[in-house]
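What follows is a short report on a single structure.
Protein chains: 2
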Amino acid sequence: MNASKQSGAPRLTRAATVGGARSEQPAASLGAPGTVGGVDDDVVTLAVEVLRILADPTRLRITVLLLTAELSVSELADAVQRPVAGVSQHLAKMRLAHLVATRREGTTVRYRIDDEHIRQLVLDTTRHVEHLLFDRPAHHEMGGPR
Amino acid sequence: MNASKQSGAPRLTRAATVGGARSEQPAASLGAPGTVGGVDDDVVTLAVEVLRILADPTRLRITVLLLTAELSVSELADAVQRPVAGVSQHLAKMRLAHLVATRREGTTVRYRIDDEHIRQLVLDTTRHVEHLLFDRPAHHEMGGPR
DNA sequence: TGTTTACTTGCATTCATACGCAAAGACTAG
DNA sequence: CTAGTCTTTGCGTATGAATGCAAGTAAACA
Chain R
30 MNASKQSGAP
40 RLTRAATVGG
50 ARSEQPAASL
60 GAPGTVGGVD
70 DDVVTLAVEV
80 LRILADPTRL
90 RITVLLLTAE
100 LSVSELADAV
110 QRPVAGVSQH
120 LAKMRLAHLV
130 ATRREGTTVR
140 YRIDDEHIRQ
150 LVLDTTRHVE
160 HLLFDRPAHH
170 EMGGPR
Chain A
30 MNASKQSGAP
40 RLTRAATVGG
50 ARSEQPAASL
60 GAPGTVGGVD
70 DDVVTLAVEV
80 LRILADPTRL
90 RITVLLLTAE
100 LSVSELADAV
110 QRPVAGVSQH
120 LAKMRLAHLV
130 ATRREGTTVR
140 YRIDDEHIRQ
150 LVLDTTRHVE
160 HLLFDRPAHH
170 EMGGPR
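Note that the protein sequences, when read in sequence, are chains R and A. For the first sequence, my numbering begins at 30 and goes up steadily by one. For the second sequence, my numbering begins at 30 and goes up steadily by one.
Dropping the structure here:
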């Protein structure tokens, strides 16, 4: 019995195949090389890296703020109501993943989103989640200060 | 100095405000109530919950597989090349977050994505990431199997 | 040069999560 | 009821990540 193959996932494999460079991994059973579960490994890796960064309240807020404005660390810290040092750490990770770009202006550093794909990804994500929230009234409430 | 307000983020606040029910939190400084950094709290909470789930290689692969087919646990386990028990655990979390729905068929359980918003979110995400990968050839390689 | 402002980095603590393994449920078939 | 799948759940462990605090760097200014 076997149900993987490319029976499902559309061109997820193809698209990345066009992209060029990728890591090599011998497929254990079947499917295209560099592919597991019908999804290209590199796409999964990159997607996970980006999603992981967005999957944090503070970073998500920062990202959304940066969608429309170029802001400094202290401005962001003030906006999301977190200590500056912490925000800086988050920004460092976002920078490592190339989600944001920086520009120095005197002693302050202004952050922005320079990648259009990232911008669209965030816009679409928030949009879908808003619809999701609209369709389903609160499911999982239950206190838990955090 | 203050740079937050709604100077940036578009209707992220409005949209959810229409949605109705949400948690209550007194804004520390300013901005709409139930809002931090110009982004609605509930939208952030839900988004983070969903993103967290997608931000795992196995779960992302499973999700993509379920985009186009209704599969059983063992089929999924085989496809993503992971032990059945582990896949079941992942599916449990996805179920808790209402990302997937199940249907029993004898001894087997078939999983599927029943929410159209989730489907679109995943499709858009993978699409954007593919473009991302296409534009930028590998940035962060560096030895280290797995 | 010394000081102030703005940001970054290092470190320790704490909490969350993924993984593997083993046991328990659920359902079909004899 | 017993045997055999398929799936779920519990548990211990190891790894990863967020947070707070303190020290370090960078640029403007007196």
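Backbone N, C-alpha and C define an ideal beta-carbon position, used for all residues, glycine too. Since we're looking at a predicted model, the values are computed, not measured.
Do the CB positions of Asp-153 (chain A) and His-146 (chain R) come within less than 8 Å of each other? no
In chain R, which residues lie with their C-beta within 7 Å of the C-beta of Glu-134 (chain A)? Here the premise fails: no neighbours, minimum Cβ distance about 14 Å.
Reference Val-138 (chain R), options R:Met-123, R:Leu-161, R:Glu-99 and R:Arg-156, closest by Cα: R:Glu-99
Cβ shell of Ile-142 (chain A) (< 8 Å), same chain only, five flanking positions each side left out: Thr-92, Leu-95, Leu-96, Leu-128, Val-129, Ala-130, Arg-148 and Val-151
Helix, strand or coil for His-160 (chain A), going by three-state DSSP, please let me know. helix
Closer than 8 Å, CB to CB, is His-157 (chain R) near chain A or not? yes
Cα separation between Arg-124 (chain R) and Ala-76 (chain R)? 16 Å
Can you give me the Cβ contacts of Ala-56 (chain R) inside the same chain, cut-off strictly under 6 Å, excluding the 5 residues immediately before and after it? Only weak support exists for where Ala-56 (chain R) lies, its pLDDT of 42 falling under 50; the value from the coordinates is given anyway. Answer for Ala-56 (chain R): Pro-62, listed in chain order.
Taking Val-1 (chain R) as the reference, give the member of A:Asp-71, A:Arg-111 and A:Val-68 with the closest Cα. What is shown of chain R runs 30 to 175, which leaves residue 1 (chain R) out entirely.
Can you list, in chain order, the residues of its chain with a C-beta nearer than 8 Å to that of Arg-88 (chain R)? Leave out the 5 residues immediately preceding and following it. Ile-82, His-119, Lys-122 and Met-123
Enclosing alpha helix (DSSP H) for Val-79 (chain A) [first to last residue]: 70 to 83
In this structure, does DSSP put Thr-136 (chain R) in helix, strand or coil? coil
Under 9 Å Cβ-Cβ, which residues of chain A neighbour Leu-120 (chain R)? Within chain A, no residue comes near Leu-120 (chain R); the closest Cβ sits about 14 Å away, beyond 9 Å.
Return the CA-CA distance between Val-109 (chain A) and Ala-84 (chain A), expressed in angstroms with no decimal places. 15 Å
The alpha helix (DSSP H) that contains Arg-111 (chain R), what's its start and end? Segment: none, Arg-111 (chain R) is in no alpha helix (DSSP H) and carries neither H nor E.
Since Pro-62 (chain R) is in the alpha helix (DSSP H), which residue starts that stretch and which ends it? Looking at the DSSP string, Pro-62 (chain R) is not in any alpha helix (DSSP H), and its letter there is neither H nor E.
In angstroms, rounded to a whole number, what distance separates the CA positions of Ala-50 (chain R) and Tyr-140 (chain R)? Caution applies to Ala-50 (chain R), whose pLDDT of 49 falls short of 50 and renders its modelled position unreliable; the value that the coordinates give is listed next. About 29 Å.
For Arg-90 (chain R) and chain A, any beta-carbon pair shorter than 8 Å? yes
Considering only C-alpha positions, which residue in the set A:Leu-105, A:Val-116, A:Thr-136 and A:Arg-133 is nearest to Gly-67 (chain R)? A:Leu-105
Determine whether the beta carbon atoms of Val-72 (chain R) and Val-158 (chain A) lie at a separation below 8 Å. yes
So Arg-141 (chain R) contacts chain A; which residues on that side make the cut at Cβ distance below 7 Å? Correct list: empty, because the minimum Cβ distance to chain A is about 11 Å.
Between Thr-154 (chain A) and chain R, is the shortest Cβ-Cβ distance under 8 Å, so that the two count as touching? yes
Contact set for Thr-132 (chain R): own chain, Cβ-Cβ below 6 Å, skip 5 residues either direction: Correcting the residue type first, residue 132 (chain R) is Arg in the shown sequence and not Thr. So the qualifying residues of the chain are Arg-139.
Sub-8 Å separation of Leu-80 (chain A) and Leu-162 (chain R) beta-carbons: no
Where Leu-128 (chain A) falls: helix, strand or coil (DSSP): coil
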